Amino acid sequence: DQQVKQNSPSLSVQEGRISILNCDYTNSMFDYFLWYKKYPAEGPTFLISISSIKDKNEDGRFTVFLNKSAKHLSLHIVPSQPGDSAVYFCAASDRGGATNKLIFGTGTLLAVQP
Amino acid sequence: DAGITQSPRHKVTETGTPVTLRCHQTENHRYMYWYRQDPGHGLRLIHYSYGVKDTDKGEVSDGYSVSRSKTEDFLLTLESATSSQTSVYFCAIRWTGGSGELFFGEGSRLTVL
Numbered sequence: 841d842q843q844v845k846q847n848s849p850s851l852s853v854q855e856g857r858i859s860i861l862n863c864d865y866t867n868s869m870f871d872y873f874l875w876y877k878k879y880p881a882e883g884p885t886f887l888i889s890i891s892s893i894k895d896k897n898e899d900g901r902f903t904v905f906l907n908k909s910a911k912h913l914s915l916h917i918v919p920s921q922p923g924d925s926a927v928y929f930c931a932a933s934d935r936g937g938a939t940n941k942l943i944f945g946t947g948t949l950l951a952v953q954p
Numbered sequence: 047d048a049g050i051t052q053s054p055r056h057k058v059t060e061t062g063t064p065v066t067l068r069c070h071q072t073e074n075h076r077y078m079y080w081y082r083q084d085p086g087h088g089l090r091l092i093h094y095s096y097g098v099k100d101t102d103k104g105e106v107s108d109g110y111s112v113s114r115s116k117t118e119d120f121l122l123t124l125e126s127a128t129s130s131q132t133s134v135y136f137c138a139i140r141w142t143g144g145s146g147e148l149f150f151g152e153g154s155r156l157t158v159l
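So the sequence lines, in the order shown, correspond to chains A and B.
Count along the first sequence from 1, add 840, and you get the number used in our numbering.
Count along the second sequence from 1, add 46, and you get the number used in our numbering.
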């Protein structure tokens, strides 16, 4: 039973345009959501997060939107740059739990075309 | 830089042999995690630790054991490696007092022939 789902394995966008990556979750106990970026042969790096008490969080070119009623979050990258090409993982956790395990989605490979 | 070092970074071994991967951190963080990354599965939690000698299972713990005898080291052991354990393994730490983000090491690529 996959609690965090990224249904698009890949996405291709033109440089300068908006990239929208989507993520769905099933566990209503999740109260903290994160996006990670991963380049080949490197570890995942934290990108941006959002608490369930918010519906939007913005950091430079990156914005995460949370729709709790739909159990859906999205990452917007504007404008997209070739260096953004990477695998993006969505993750969720129940911070009320003792150990803060992160549950990850399967990832979306973003390719930004020059 | 979260001060995480994984070793070895690459290893090729044969089915049935034992393998130990090491995760070393330099900043005394309490929580440490082992994940594996596989195509189509993303990152899946194997085991985690919430203190010295305190460990628990994740979602894909079968065939793996862990030990944490001191704060800075978290060891992942495959007692008898199988081809299904060919993967990239990532160690992560959670900053004490942080909001909940995990910070990952650079990974250990294991191939079981």
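The C-beta atom is built at its ideal place from N, Cα and C for all residues, glycine as well.
Note that the structure is a prediction, hence the values are computed from the model and not measured.
In whole angstroms, what separates the C-alpha of residue i from that of residue j?
i, j, result
"residue 58/B", "residue 156/B", "6 Å"
"residue 914/A", "residue 854/A", "19 Å"
"residue 934/A", "residue 873/A", "9 Å"
"residue 897/A", "residue 912/A", "14 Å"
"residue 953/A", "residue 130/B", "35 Å"
"residue 159/B", "residue 925/A", "32 Å"
"residue 62/B", "residue 91/B", "23 Å"
"residue 152/B", "residue 135/B", "9 Å"
Applying a beta-carbon distance threshold of less than 8 Å, which residues of chain B neighbour residue i?
i, result
"residue 872/A", "145 and 146"
"residue 914/A", "Under the 8 Å cutoff, chain B gives no residues; its nearest Cβ is about 17 Å from residue 914/A."
"residue 886/A", "147, 148 and 149"
List, in order along the chain, the chain B residues whose C-beta lies closer than 7 Å to that of residue i?
i, result
"residue 882/A", "152"
"residue 848/A", "Neighbours of residue 848/A on chain B: none; closest Cβ ~13 Å, over 7 Å."
"residue 933/A", "146"
Note down, in chain order, every chain A residue with its Cβ under 7 Å from the Cβ of residue i.
i, result
"residue 88/B", "929, 944, 945, 946 and 947"
Look up residue i in the DSSP assignment and give the residues it is bridged to.
i, result
"residue 78/B", "95/B and 139/B"
"residue 918/A", "Paired residue(s): none; residue 918/A is not in a bridge."
"residue 893/A", "Looking at the DSSP assignment, residue 893/A forms no beta bridge with any residue, so it has no partner."
"residue 52/B", "69/B"
"residue 842/A", "DSSP, once it has assigned bridges, lists no residue as partnering residue 842/A."
"residue 86/B", "Its beta-bridge partners do not exist; DSSP assigns none."
"residue 898/A", "903/A"
"residue 911/A", "Per DSSP, none; premise fails for residue 911/A."
"residue 927/A", "878/A and 949/A"
Return the Cβ separation of residue i and residue j in integer angstroms, given the expectation that the two are a contact with Cβ distance under 8 Å.
i, j, result
"residue 44/B", "residue 884/A", "An answer regarding residue 44/B cannot be provided, because it is not within the stretch 47 to 159 covered by chain B."
"residue 927/A", "residue 949/A", "5 Å"
"residue 94/B", "residue 102/B", "6 Å"
"residue 888/A", "residue 905/A", "Contact doesn't hold; Cβ gap of about 11 Å is too wide."
"residue 941/A", "residue 104/B", "7 Å"
"residue 870/A", "residue 89/B", "That pair is no contact at about 16 Å."
"residue 142/B", "residue 70/B", "Actually they are not in contact, since the Cβ atoms of residue 142/B and residue 70/B sit about 17 Å apart, beyond 8 Å."
By the criterion of Cβ-Cβ separation under 8 Å, what are the contact partners of residue i in chain A?
i, result
"residue 104/B", "941"
Give me the chain A residues within the contact set of residue i, using Cβ-Cβ distance strictly less than 9 Å, ordered along the chain.
i, result
"residue 91/B", "941, 942, 943 and 944"
"residue 120/B", "Those do not exist, as residue 120/B stays about 14 Å from chain A at its closest Cβ, beyond 9 Å."
Counting only Cβ pairs nearer than 9 Å, list the residues of chain B close to residue i.
i, result
"residue 889/A", "145, 146 and 147"
Only counting runs of 3 or more residues, tell me where the beta strand (DSSP E) segments fall wholly within the segment 863–894 of chain A, in order along the chain.
872–878 and 885–891
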